[in-house]
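Chains as they are written, first to last, in my numbering: chain B, 8 to 321; chain E, 64 to 417; chain C, 2 to 281.
Step one of this worksheet: look at the structure below.
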């Protein structure tokens, strides 16, 4: 351990003596508001939710909750509708995040050419991620109307067959995936583009001198150098895509025929249509567990923790 | 008056960084803490500044116990390795900042800032922002900000290490001149022995959290107490030979002729510098070794390995027995492969502890 | 000959790049264009087929939003709730970030993990206990409930991003201020805070955006008094005959503040949004 690094340590003053008594506690004092907020609004309800999940609490049944131990979890395991929703969500997240990522990388390469006017176009492309998801659902629902919608009009204009979009169970899931891609590719693009802009020049100059072609450069240099950025962006998107609710709620409410019944939509129905809150709490814990496992697998496979610790030590 | 550091210790968790340091720095003295990175010199300085608090011990500045006082109550100024300039303020605002905090009147602020800036040759840059300045100019701004309020104590943490060699030499003399004119008590931290030698009134060589030796530059150069100090000071470094005491009470060592030549007053020191296993080190500066005719009385036989002519002097690398030596000589006519005699004048032989 | 060849190749490469860039921009911009124009269409032409491209714009949808739905109340609700929760998240989060960045605190890793786990927490899990507890505490359908919920939701993001921003400010600047005569609070206030301003502003816009756009918690934890804009916008689709024009207008009203704010701040946003994933 080098002592010049101790000369600029994490401590401004690790006060050891009562003469500067306040200082030792200043750190904790500064953490207090965040702590209160996290525990009062965050963890206390979580613990409470864990408790509810062990009861058959349902306010429409007079509100007298009975402790049922793991009954809710047991029925969840047999709940075909729930596992159907989990499966749909998995497909949704995989297709949406995967496509967004590919699009974002391609867009970043394209816009990195930095021709005149590209800055303006780039700015326009960022707008979808800023639009309120409810508004996104509204406008896409208008555009996707099978008989009167502008999308089908444009399809027929270029000589293609009109589609039923969200009105058919065969295309509904793909439709909401398309909307999710539309809204969140800009976010991925923003991050990946920033990553590309921050890349060092010398590896590319070296590759040019070594005579590597553009495709070779992309796979051997650009992509590996971008990996940390891509991994972090993907992780953020996976976490958020699992909780997608607003646009789907507006566009399909899980229909038609449960074709877009994402787990968040299903949970919402259990909780606030049937008010089966005990069961809903159990389902949400199972969902959280599944999401956590998926994220852990992803971080393991992608070396996320290594990337983070390298950043901390830079 | 001045600065008294008494038995100061600093621990970060299990790691002891400063291990009981005591020193008395006189008013107006230019005191240098010298050592390799990790020796505790910067931590010692930061404790004097009040940016770290000692785990135990006490610090007095101008007779006042400031061990646990806040930095602002110590009447000190400090220059940082990365200058610590406020990037959002102009040079003028940077220098005026300590005055502004002390609620000095606007007119006085202007007068003092301009005076100090003039003295440091940055008067023309007062309207610029730090990022528009070169490294040397930034360091001048940081010095001006430190000196503008006439502090009693000036602390400098490797202020020149981010500058190139030529500028370093210029700033060295300038800083030394400035603070000695103003008579400010100064503690200066560096890992560069040339800076330490050229600027200090006194040097403390630190290692592993201890002050190994405190003394004037020449004292430390001429009479190093330990192997570490001897090796650290001077370039090329001192020639050092492992030696020991026989049971008969006679010193023995690798280059027989040198051990035999140890003069009496050095021989008396041996007993106090022996380590637990009865070993000590014999040293002689390269510039004191003499190349003589093979077989001259008192000389050892050596082979010339390599010759480095530097113009003014010549470094000659030799092997005597198993031992490699360096001699700094005048322009000489030695050639690689020559077999020569090396002679160590007894008055320059030094007994140092391991 | 070959120079001419090169020029043609470069020219066609540029043409292709422009074509692709314009195509991509059209894909991402068209729905926004459609939402905006729909909000200006009267009921008779909004669902006309084939679609009407040129028409006399009318503000009647916006007028109806204000008069029939009383959208001003929701606008004020949203502003108060989102404004206060953003402030709360910014202040508590920045203080925590400062502590984590600058102080030697035991179990720092644990705290960082706790903050991150809040970030992972989906609202779908917390909405049920919050619903029950809110009814029990009598804060259901009040500002305070949503303020607390949104402050919590924004907090991890603030801590995470501000920590990076604070770490980027050299420690020696603050120490110089301490030596120059500032107390710790003064040093933060006069030296660190001005340097943090761009970071704070960027972070604030993002926290604002997430709270402003939030729907799930708002729809479940309010019924009347504290309804926010996304909830009322969703309600426009609940009516028997869906008011497409009003819905589009509501979408524009909701989205406009965020779009304007973000585009104004675009320069600072990248670092905030990338959670420090990208240096620069």
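Where is the CB? At the ideal position from N, CA and C, for every residue including glycine.
Keep in mind the model is a prediction, meaning the values are calculated, not measured.
Any beta carbon of chain E sitting closer than 8 Å to that of residue i?
i                     : result
residue 179 (chain C) : yes
residue 51 (chain C)  : no
Specify, as a first and last residue, the run of the beta strand (DSSP E) that residue i falls within.
i                     : result
residue 371 (chain E) : 363-372
residue 305 (chain E) : 302-308
residue 343 (chain E) : 342-347
residue 187 (chain E) : Careful: residue 187 (chain E) lies outside any beta strand (DSSP E) and carries neither H nor E.
residue 265 (chain E) : 265-270
residue 123 (chain E) : 119-124
residue 406 (chain E) : 402-406
residue 169 (chain C) : Segment: none, residue 169 (chain C) is in no beta strand (DSSP E) and carries neither H nor E.
State yes or no: is the beta carbon of residue i nearer than 8 Å to at least one beta carbon in chain C?
i                     : result
residue 261 (chain B) : no
residue 80 (chain B)  : no
residue 150 (chain B) : yes
residue 149 (chain E) : yes
residue 178 (chain E) : no
residue 266 (chain B) : no
residue 96 (chain E)  : no
residue 311 (chain B) : no
residue 135 (chain E) : yes
residue 110 (chain E) : no
residue 185 (chain E) : no
residue 114 (chain E) : yes
residue 293 (chain E) : no
residue 286 (chain B) : no
residue 323 (chain E) : no
For the alpha helix (DSSP H) that contains residue i, what are its first and last residues?
i                     : result
residue 67 (chain E)  : From DSSP, residue 67 (chain E) is part of no alpha helix (DSSP H) but of the beta strand (DSSP E) over 66-75.
residue 244 (chain B) : 230-249
residue 141 (chain B) : 140-150
residue 107 (chain E) : 104-112
residue 163 (chain E) : 154-164
residue 259 (chain E) : 256-262
residue 65 (chain C)  : 61-68
Which of helix, strand or coil does DSSP assign to residue i?
i                     : result
residue 144 (chain E) : coil
residue 50 (chain C)  : coil
residue 168 (chain B) : coil
residue 79 (chain E)  : strand
residue 1 (chain C)   : Since the first residue of chain C shown is 2 and the last is 281, residue 1 (chain C) is not available in this structure.
residue 265 (chain B) : coil
residue 286 (chain B) : helix
residue 296 (chain E) : coil
residue 331 (chain E) : helix
residue 430 (chain E) : The displayed coordinates of chain E run from 64 to 417. Any statement about residue 430 (chain E) would go beyond what the structure contains.
residue 247 (chain C) : helix
residue 97 (chain E)  : strand
Name the chain D residues that come within less than 7 Å of residue i, Cβ to Cβ?
i                     : result
residue 250 (chain B) : Note that chain D does not occur in the displayed structure, where the protein chains are B, E and C.
For a cutoff of 8 Å on Cβ pairs, would you count residue i as touching chain B?
i                     : result
residue 216 (chain C) : yes
residue 204 (chain C) : no
residue 147 (chain C) : no
residue 9 (chain C)   : no
residue 4 (chain C)   : no
Chain C contacts from the stretch 213-237 of chain E (Cβ-Cβ distance under 7 Å): none
Whole runs of the beta strand (DSSP E) within the stretch 220-251 of chain E, excluding any shorter than 3 residues: none
Selection of the stretch 155-175 of chain E by Cβ proximity to chain C, strictly under 8 Å: 160, 161, 164 and 165
Chain B contacts from the stretch 14-37 of chain C (Cβ-Cβ distance under 8 Å): 15, 18, 19, 21, 22, 23, 25, 26, 28, 29, 30, 32, 33, 35 and 36
Ordered list of alpha helix (DSSP H) runs contained in the stretch 58-126 of chain B, each at least 4 residues: 78-84 and 87-118
Under 7 Å (Cβ pairs) to chain E, residues found in the stretch 182-208 of chain C: 182, 183, 184, 192, 195 and 196
4 or more residues per run - each alpha helix (DSSP H) lying fully within the stretch 86-165 of chain C: 109-121 and 124-138
Residues, ordered as in the chain, of the stretch 243-271 of chain C that lie near chain E by beta-carbon distance below 9 Å: none
Within 9 Å of chain E by C-beta, residues of the stretch 223-236 of chain C in sequence order: none
Short-range partners of chain B found in the stretch 73-87 of chain C, where Cβ spacing is below 8 Å: none
Within 8 Å of chain E by C-beta, residues of the stretch 162-175 of chain C in sequence order: 171, 173 and 174
Against chain C: residues of the stretch 169-196 of chain B by CB proximity under 8 Å: 189, 192, 193 and 194
Chain C contacts made by the stretch 272-286 of chain E, where a contact means CB separation under 9 Å: none
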